[in-house]
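A.B. asks: With the numbering used here applied, the sequence shown has no gaps in its numbers, which climb one by one up to 511 at the end.
We put the beta carbon where it would ideally sit given N, CA and C, even for glycine.
These numbers come from a predicted model, not from an experiment.
Next up is a structure, given as C-alpha cells.
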Amino acid sequence: MSAFIDYISISQVHPGRLNPETGVVEPRLPLVDSGVVGKWGRDMETGDLIDNPEWGQSSKLFLRGSFDSLVIVKCDGFRITLSGNVGRLDRPDNLFNLDFDQTIAKCNEILSRFRLPPFEPGQQVVNANPSAYDLEHGVNLVHWTGATVSGLHITRNYQTGSPKDAEAFMRWLSTQSISNVKRNRASPESCAWGSKGGRKMLKAYIKYLEMLAPGHKHGRSTSQIKCDPVYQFARE
C-alpha cells in the first residue's frame, strides 16, 4: 500500500515591490493572520501606556474544521506558511489520506481561499553574493526559489489479519532497534524510535486502538466510532 501524508509544514517567500518614492520594499501579498500581539511600555510618571509599541508580531490564523481538524495559515505580505494535516480537514479519521502531490494541491486550495498564490517548486538559481565561507567550502552556491517543506509526517498502513496478530506483531516489533536511535514503548499497542524534537521519528501503533484513545476521538463517542465502517475495517 502506498504511503500518505499525515502532516506537512511548508513555506514560501515571495519578493516585494520597491516603492520608488520611499525606497521601501512593500509586500505584494495580502496579510493573513488572526491579529497582532505586541508589547506597549508604560509611562512611569503618568501610569499610561505609551502609544508606540516596543514590538509587534502577527499571530497565526487557526483554520478549524469539524471533528477537531486544524490547519494553521499565516502570511506577512512576503512569507506564506501553512502547517497541519490538510488531508484530514473536516474528516473524522485519517486511516487513509492524501499522497504528497495531493497534499500540495490541497494546501494550494486552502491558500486560494485567502487570495494567496500557490506553493511552487520554483527553480534553481545561482547565489550572486556568496560569502567567503561559502566559496571556501562550496556551500550555498545555488538555491531554490520555491517552497520549502520543513516538516513531513509520512504514514503507511500494514495489515496483519486480526487484532491478536496485530498485538503479536507489535510485541515483536518493539524488540527491534535502529542504530544510534533510542527506542521507546509507551504502551503495549505502540512503539517508537527517536523523539519529536529530533530530525526524524519512526512510530508504529495499532490503528483501531488509537482511534479509541483519548485525544483521538475528535468529538465522537466510543459507540459512534465502533459503528464507523472505517474503524471496523481497521480492526479487521
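(1) Please specify which runs of the beta strand (DSSP E), each continuous and at least 3 residues long, are wholly inside the stretch 326-364, giving them in chain order.
(2) Please state if the CB of residue 350 and the CB of residue 283 are separated by a distance shorter than 9 Å.
(3) Please classify residue 314 as buried or exposed, where buried requires at least 16 neighbouring CB atoms within 10 angstroms.
(4) Between 423, 471, 464, which lies nearest to residue 480 when the distance is taken from Cα to Cα?
(5) According to DSSP, is residue 383 part of a helix, a strand, or is it coil?
(6) Please work out which residues of its chain come closer than 7 Å, Cβ to Cβ, to residue 339, disregarding the five sequence neighbours upstream and downstream, and give them in chain order.
(7) Please classify residue 502: is it buried, with 16 or more other beta-carbons within 10 angstroms of its beta-carbon, or exposed?
(8) If contacts are defined as beta-carbon pairs under 8 Å, then residue 389 and residue 291 qualify, I think. What distance do you get, rounded to the angstrom?
(9) Does the stretch 291-300 come close enough to the stretch 429-448 that 3 or more CB-CB pairs lie under 8 Å?
(10) Please determine, among 415, 411, 395, the residue with the shortest C-alpha to C-alpha distance to residue 403.
(11) Measuring alpha carbon to alpha carbon, tell me which of 374, 323, 475, 386 ends up nearest residue 306.
(12) Hey, residue 419 and residue 396: beta-carbon distance below 9 Å or not?
(13) So residue 466 and residue 459 are in contact, right, with Cβ under 8 Å, and what is the actual spacing, rounded?
(14) Going by C-alpha to C-alpha distance, which of 508, 485, 499, 457 sits closest to residue 473?
(15) At a cut-off of 8 Å, is residue 479 close to the ligand GTP when judged by its beta-carbon and the heavy atoms of the ligand?
(16) Can you tell me where the alpha helix (DSSP H) with residue 501 in it begins and where it stops?
(17) What runs of the beta strand (DSSP E), each 3 residues or longer, lie entirely inside the stretch 282-322?
(18) Flag this pair as yes or no: are the beta carbons of residue 341 and residue 302 separated by less than 9 Å?
C.D. replies: From the atom records:
(1) 330-333, 336-339, 345-350, 354-359
(2) Numbered from its first residue, the sequence shown carries residue 283 at position 8. Numbered from its first residue, the sequence shown carries residue 350 at position 75. It is not a contact, given that the beta carbons lie outside the stated cut-off.
(3) What you label residue 314 is simply residue 39 of the sequence shown in a count that begins at 1. Exposed, because fewer than 16 other Cβ atoms sit within 10 Å of the Cβ of residue 314.
(4) Here residue 480 refers to the residue found at position 205 of the sequence shown. For residue 480, the nearest C-alpha among the options comes from 464.
(5) The residue given as residue 383 occupies position 108 in the sequence shown. Helix at residue 383.
(6) Numbered from 1 along the sequence shown, position 64 holds the residue referred to as residue 339. Contacts found: 345.
(7) The count along the sequence shown starts at 1 and reaches residue 502 at position 227. Per the 10 Å Cβ criterion, exposed.
(8) One-based indexing of the sequence shown puts residue 389 at position 114. One-based indexing of the sequence shown puts residue 291 at position 16. So it is not a contact: roughly 18 Å between Cβ atoms.
(9) Touching, no, given that fewer than three Cβ pairs across the two stretches are closer than 8 Å.
(10) Against the sequence shown, residue 403 aligns to sequence position 128. With distances taken between Cα atoms, residue 403 lies closest to 415.
(11) Taking the sequence shown and counting its residues from 1, one reaches residue 306 at position 31. Taking only the C-alpha atoms, the option nearest residue 306 is 386.
(12) In the sequence shown, the residue the question calls residue 419 occupies position 144. In the sequence shown, the residue the question calls residue 396 occupies position 121. Yes, these two residues count as a Cβ contact at 9 Å.
(13) What you label residue 466 is simply residue 191 of the sequence shown in a count that begins at 1. What you label residue 459 is simply residue 184 of the sequence shown in a count that begins at 1. Their Cβ separation, rounded to whole angstroms, is 7 Å, which keeps residue 466 and residue 459 in contact under 8 Å.
(14) The residue you call residue 473 lines up with position 198 of the sequence shown. Checking every option, the nearest Cα to that of residue 473 belongs to 457.
(15) This structure simply doesn't include the ligand GTP, nor any ligand for that matter.
(16) Position 226 of the sequence shown, counted from the first residue, corresponds to residue 501. Where residue 501 is concerned, the enclosing alpha helix (DSSP H) stretches over 497-502.
(17) 311-314
(18) Working through the sequence shown from its first residue, we reach residue 341 at position 66. Working through the sequence shown from its first residue, we reach residue 302 at position 27. Against a cut-off of 9 Å, the Cβ pair of residue 302 and residue 341 comes out as no contact.
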